[in-house]
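**Student:** For reference, the structure I am asking about is given below.
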Amino acid sequence: MRELGIVVAITALMCLLSGIWFTPWETLYETGIWVTVAGFIVGLPTGLLYHLRLYQVLSPRGELPPGWYWQPLRFNALLGKDERAGVMAWCYIGGLGFVIICIGLVMMGAGVSMAVIRGV
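If you're matching positions, the sequence shown starts at 276 in the numbering used here and goes up one per residue.
As structure tokens, this is what we get:
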């Protein structure tokens with residue numbers, strides 16, 4: 276099953292790259308900007324909500340040391356089964372926002388690369 280995933284990923288990458296070659300660089304760059312903005316719109320509020328929910332659950336028990344917010348993922352193991360859903364949903368949605376930001380930045384980079392390759 277893992278091999279099938281690799282084949283699908285390589286095929287998708289090849290299709291994406293062939294499409295990028297024929298796309299005007301301005302379109303790639305501008306679309307990348309908007310995708311990045313969308314990622315920030317999704318990721319920042321949900322990341323903040325994740326931190327707040329984690330604090331609300333673990334702080335009353337005294338399980339959060341000073342500076343916990345720099346590496347909050349290591350404290351997810353301290354959540355009880357009934358607490359996980361209310362906290363981890365925000366973590367996963369925030370992670371999705373980060374992935375969207377990365378995709379937008381790659382698109383912007385592809386647009387700049389196409390401009391350089393085409394001598395614009």
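Beta carbons: idealized from backbone N, C-alpha and C, even for Gly.
1. To the nearest angstrom, how far is the alpha carbon of Leu319 from that of Ile376?
2. Looking at Met389 and Ile308, is the spacing between their C-beta atoms short of 8 Å?
3. Please say whether Arg328 and Val283 have beta carbons closer to each other than 8 Å?
4. For a quick check, are the C-beta atoms of Leu339 and Tyr325 less than 8 Å apart?
5. Answer yes or no: does any C-beta atom of chain C fall closer than 8 Å to that of Cys366?
6. Applying the 10 Å Cβ sphere with the 16-neighbour rule, what's the burial state of Gly386?
7. Taking Val310 as the reference, give the member of Ile392, Gly379, Arg393 and Gly370 with the closest Cα.
**Tutor:** In short, the structure shows the following:
1. Whole-angstrom Cα-Cα distance: 11 Å.
2. Contact flag unset, no.
3. Taking 8 Å as the Cβ cut-off, Val283 and Arg328 do not qualify as a contacting pair.
4. Pairing Leu339 with Tyr325 gives a Cβ-Cβ distance that is not under 8 Å.
5. Looking at the structure shown, chain C is missing, and only one protein chain is on hand.
6. Of the other Cβ atoms in all chains shown, 16 or more fall within 10 Å of the Cβ of Gly386; this residue is therefore buried.
7. Looking at the Cα atoms, Gly379 is the closest of the given residues.
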